[in-house]
Amino acid sequence: MVFEKFGIEIDNVSYEIEMTTANERRLAVITPVLSIKSPVRRMLVAGLKVDGHELLPSDKVEVTEGRSQVRLRKIRIFNPPYSKSQAPGSSVQYKMTLEVSAENGIFQSEDSYISITRN
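In our numbering, the protein residues as written are 807 to 925.
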């Protein structure tokens, strides 16, 4: 259990990572995905900080009654740095911190880390 408060249960937070190119630059597209259970339909405000910085403003997220999977806004990181070795398979880690606001307060997750790997 990642979070349980105000009748909301967030069972899991995962991150989908897609590496691509845009305008001849490397691009990492990160999509946070939350597994949420709520006793009623409600609106939450969710935001994600990457290495302590909010790269996008928080977004309203509609949660249905029961269990649902919610995708937050995609975060784009242009030219993500790799490790200093620059060897294929090397990676760099990003610290992800999720913030969820409900009607009675704000929840901040423990930090989790994702790795972006050099192909």
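Yeah, the Cβ is synthetic: ideal placement off N, Cα and C, and Gly gets one too.
Keep in mind it's a predicted model, so treat the numbers as computed, not measured.
Other residues of its chain near residue i: CB distance less than 6 Å, five sequence neighbours each side excluded
| i | result |
| --- | --- |
| Arg832 | Asn885 |
C-alpha distance - residue i paired with residue j, whole-angstrom precision
| i | j | result |
| --- | --- | --- |
| Arg882 | Glu815 | 27 Å |
| Val856 | Val846 | 30 Å |
| Ser897 | Gln875 | 28 Å |
| Phe812 | Lys866 | 17 Å |
| Glu871 | Glu830 | 43 Å |
Reduced DSSP secondary structure (H/G/I, E/B, other) of residue i
| i | result |
| --- | --- |
| Asp857 | coil |
| Ser915 | coil |
| Arg831 | strand |
Same chain only: Cβ atoms within 8 Å of residue i, ignoring 5 sequence neighbours per side
| i | result |
| --- | --- |
| Ser864 | Val851, Ala852, Gly853, Glu905, Ser907 |
| Phe920 | Looking at the sequence shown, residue 920 is not Phe but Ile. So the qualifying residues of the chain are Tyr821, Ile823, Ile836, Gln899, Tyr900, Met902. |
| Glu860 | Gly853, Leu854 |
For residue i: DSSP bridge partner residues
| i | result |
| --- | --- |
| Asp865 | Ala852 |
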